[in-house]
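Undergrad: Have a look at this one.
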Amino acid sequence: MSDPFARIKKDQATKSKRTQPCKVIVNPVPDEAPEPPAFHPKLGVPSYRWTYRDLSGAVLGYICRFDIEGEGKSFRPLCLFRVEKKLRWRWESWPQPRPLYGLDLLANAPDASVVIVEGEKAADAARQLLLQHVCISSSGGSNAAKKADWSALHGRDVVIWPDADEAGEKFAGEVKACLDEVGVASVVVLDVPEDVFKGWDAADALHDGWTCEQADAFVCSVSEAKPSDGEAQEEAESKRPAPRSSLLAAADGIELWHSPQKEAFATLNINGHQEHWAVSSTRFKHWLVGRYYEETGAAVSSQVLSDALRVFEVRAIEQGACYELLTNG
Numbered sequence: 003m004s005d006p007f008a009r010i011k012k013d014q015a016t017k018s019k020r021t022q023p024c025k026v027i028v029n030p031v032p033d034e035a036p037e038p039p040a041f042h043p044k045l046g047v048p049s050y051r052w053t054y055r056d057l058s059g060a061v062l063g064y065i066c067r068f069d070i071e072g073e074g075k076s077f078r079p080l081c082l083f084r085v086e087k088k089l090r091w092r093w094e095s096w097p098q099p100r101p102l103y104g105l106d107l108l109a110n111a112p113d114a115s116v117v118i119v120e121g122e123k124a125a126d127a128a129r130q131l132l133l134q135h136v137c138i139s140s141s142g143g144s145n146a147a148k149k150a151d152w153s154a155l156h157g158r159d160v161v162i163w164p165d166a167d168e169a170g171e172k173f174a175g176e177v178k179a180c181l182d183e184v185g186v187a188s189v190v191v192l193d194v195p196e197d198v199f200k201g202w203d204a205a206d207a208l209h210d211g212w213t214c215e216q217a218d219a220f221v222c223s224v225s226e227a228k229p230s231d232g233e234a235q236e237e238a239e240s241k242r243p244a245p246r247s248s249l250l251a252a253a254d255g256i257e258l259w260h261s262p263q264k265e266a267f268a269t270l271n272i273n274g275h276q277e278h279w280a281v282s283s284t285r286f287k288h289w290l291v292g293r294y295y296e297e298t299g300a301a302v303s304s305q306v307l308s309d310a311l312r313v314f315e316v317r318a319i320e321q322g323a324c325y326e327l328l329t330n331g
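So in our numbering, spot 18 of the sequence shown is number 20, and the numbers just go up one at a time.
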C-alpha cells in the first residue's frame, strides 16, 4: 500500500492545480450577466430571496432562505463569479469583507439615523415600522458580524436592535466593536423589552401589531439628542420631514402584490376601472405625490417619497399576493 503522507510529485501537483478553475467574484452584476438560478439543486425553490445592492443601487448578489419540512430554515448566498472567462452564478458568498443589506438606502438618506438588526427579514420588518430611519443588516447571522464591511456607516448615528437572546447580545457587541473601528458619530444598543419571548426581533414586533409610533418611541428612547428647552424642540420639529405615515395613509385602498419574479405592483381604481402599476414606475410615483397633495395640501420631499416606496415594495413582496403577469399578444 502506498504511503498517504508521501511527498506529492511535481507532475501530480501540476495536474491537481489544473483541475481548480480560476474563480473571481464579479461586483456589481453587469447587464450581460445570465439570469440567476430560480432554485437550488438540492434545496429547491427559495421561500425568500433578498437582493443586496451597492450604494448606487446596482445588484451585488442575493441571500436565499429555504424552509425545509422537518429540518427548519436554511440560508444560502448566491453570487456571480467569473469562472474561466465565463460569468456563472454560484451558491457561494462574497469574499470578506461582505456588503451590508441596505447600502442603497444609506446613500438615499445620508442624514437619517441608522438602525441595525440581525437578518434580512428583520430589516424588512424594521423598515415598515421605522419610517424615519435607515434599517440595515449584515449577512451570515449572529456569528458573521465581523465578516461585514461596516465602513459605509462612518460618521452616522447608529442604533443596534438586537434579538432577545444570547446570540443577539453577542451580535450587538461585535457590531458595536466594528462600528467603533470605522468611526461612527454615535452608537447605542437597545435593551429589548422584558416581556418578550426568546429570539424576539423586529419581525416579531411587526407581527405583534406594533405601530410606527411604538417602534419609533422604542428606538428613540436611547437617543443621545437632548433638546431640553421649548425653542430647541420647536426648531427640531420645523426641520423634521413630513411624516411617512401620512404618505402611506394617502395610499389607503390600493392593493399591493408581486409577480413570481418578486416584482412589486399596486392595483388602483382609476376613473372607474382598475389599473396595475409597478411600484417603481414613474406613473405610480406621480399618482402618490398627487394623492398626498390632495390629502394634505403639502408637497412631499424626495427622501420621504423614497422611503414610502420602499415600504410599499416590501409590503407587496412580503405580504401581498403573488400573481402571474399577463402580456398582450
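We put the beta carbon where it would ideally sit given N, CA and C, even for glycine.
Closest to Glu34 by C-alpha separation, out of Val136, Asp206, Cys180 and Phe83, would be which residue?
TA: Ranking the options by Cα distance to Glu34, first place goes to Phe83.
Undergrad: Using a 10 Å radius around the Cβ and a threshold of 16 neighbouring Cβ atoms, would you call Lys87 buried or exposed?
TA: Burial call: exposed.
Undergrad: Could you please give me the residues that DSSP links to Asn271 through a beta bridge?
TA: Paired residue(s): Gln276.
Undergrad: State the DSSP-derived secondary structure class of Leu89, mapped to helix, strand or coil.
TA: In the structure shown, Leu89 sits in a strand (DSSP, three-state: E or B).
Undergrad: Taking the beta strand (DSSP E) that Thr213 belongs to, which residues open and close that run?
TA: Counting along the chain, Thr213 falls outside any beta strand (DSSP E), and DSSP gives it neither H nor E.
Undergrad: So, Ser140 versus Arg100, is the Cβ gap smaller than 8 angstroms?
TA: Yes, the Cβ-Cβ distance between Ser140 and Arg100 is below 8 angstroms.
Undergrad: How would you call Gln216, buried or exposed, if buried means at least 16 neighbouring beta carbons within 10 angstroms?
TA: Exposed.
Undergrad: Under a Cβ-count criterion, where at least 16 other Cβ atoms within 10 Å of its own Cβ denotes burial, should Val189 be classed as buried or exposed?
TA: By the neighbour-count rule (16 or more Cβ atoms within 10 Å), Val189 is buried.
Undergrad: Buried or exposed: which applies to Ile138, given that a residue is buried once 16 or more other Cβ atoms fall within 10 Å of its Cβ?
TA: The residue is buried, with at least 16 neighbouring Cβ atoms inside 10 Å.
Undergrad: Considering only DSSP beta bridges, list what Val190 is partnered with.
TA: Bridge partners of Val190: Val161.
Undergrad: If we require 3 or more residues per run, which beta strand (DSSP E) segments fall completely within the segment 19 to 83?
TA: The qualifying runs are 25 to 27, 50 to 55 and 61 to 70.
Undergrad: Which one or two residues does DSSP pair with Glu257 in a beta bridge?
TA: Beta-bridge pairing links Glu257 to Thr269.
Undergrad: Could you please give me the residues that DSSP links to Ala150 through a beta bridge?
TA: DSSP, once it has assigned bridges, lists Arg100 as partnering Ala150.
Undergrad: I want to know whether the segment 296 to 304 touches the segment 272 to 285 - three or more CB-CB distances under 8 angstroms.
TA: Segments in contact, no.
Undergrad: Considering only the beta carbon of each residue, do Phe68 and Pro97 sit closer than 8 angstroms?
TA: No, the Cβ-Cβ distance between Phe68 and Pro97 is not below 8 angstroms.
Undergrad: Which one or two residues does DSSP pair with Phe323 in a beta bridge?
TA: It is Ala, not Phe, that sits at residue 323 in the sequence shown. Answer by DSSP bridge pairing, in chain order: Trp259.
Undergrad: Would you kindly work out how many angstroms separate the C-alpha atoms of Ile27 and Ile319, rounded to a whole number?
TA: Near 28 angstroms, if we compare the C-alpha coordinates of Ile319 and Ile27.
Undergrad: Once DSSP output is grouped into helix, strand and coil, what is the label at Val116?
TA: Of the three classes helix, strand and coil, the one that applies to Val116 here is strand, per DSSP.
Undergrad: Pull up the distance between the alpha-carbon of Val85 and that of Lys25, whole angstroms please.
TA: Approximately 5 angstroms, taken between the alpha carbons.
Undergrad: Does DSSP classify Ser144 as helix, strand or coil?
TA: Ser144: helix per DSSP, three-state reduction.
Undergrad: Name the two residues that bound the continuous alpha helix (DSSP H) containing Gly170.
TA: That run of the alpha helix (DSSP H) goes Glu168 to Val184.
Undergrad: For a test of the three-state rule: what should DSSP assign to Val281, helix, strand or coil?
TA: Reduced to three states, the DSSP call for Val281 is coil.
Undergrad: Sort out for me which residues DSSP pairs Ser95 with in a bridge.
TA: In DSSP, Ser95 forms no bridge with anything.
Undergrad: For Val136, does the three-state DSSP call read helix, strand or coil?
TA: It is a strand residue.
Undergrad: Do the CB positions of Val184 and Val160 come within less than 8 angstroms of each other?
TA: No. Outside cutoff.
Undergrad: Hey, how far is the Cα of Ser95 from the Cα of Tyr54?
TA: If you take the alpha carbons of Ser95 and Tyr54, they lie about 12 angstroms apart.
Undergrad: What residue does the alpha helix (DSSP H) around Leu155 start on, and which one ends it?
TA: No alpha helix (DSSP H) contains Leu155, which DSSP labels as neither H nor E.
Undergrad: Using 8 angstroms as the cut-off, can you tell me whether the segment 171 to 182 makes contact with the segment 207 to 223, which would need three or more C-beta pairs spanning the two stretches below that distance?
TA: No, because fewer than three Cβ pairs between the segment 171 to 182 and the segment 207 to 223 fall closer than 8 angstroms, the two stretches do not touch.
Undergrad: Output the boundary residues of the alpha helix (DSSP H) element that contains Asp206.
TA: That run of the alpha helix (DSSP H) goes Ala204 to His209.
Undergrad: Does the beta-carbon distance from Leu132 to Val116 come in below 8 angstroms?
TA: The answer is no: Cβ separation not under 8 angstroms.
Undergrad: So Trp259 and Cys324 are in contact, right, with Cβ under 8 angstroms, and what is the actual spacing, rounded?
TA: Right, the Cβ-Cβ distance comes to about 7 angstroms (below 8 angstroms), so this counts as a contact.
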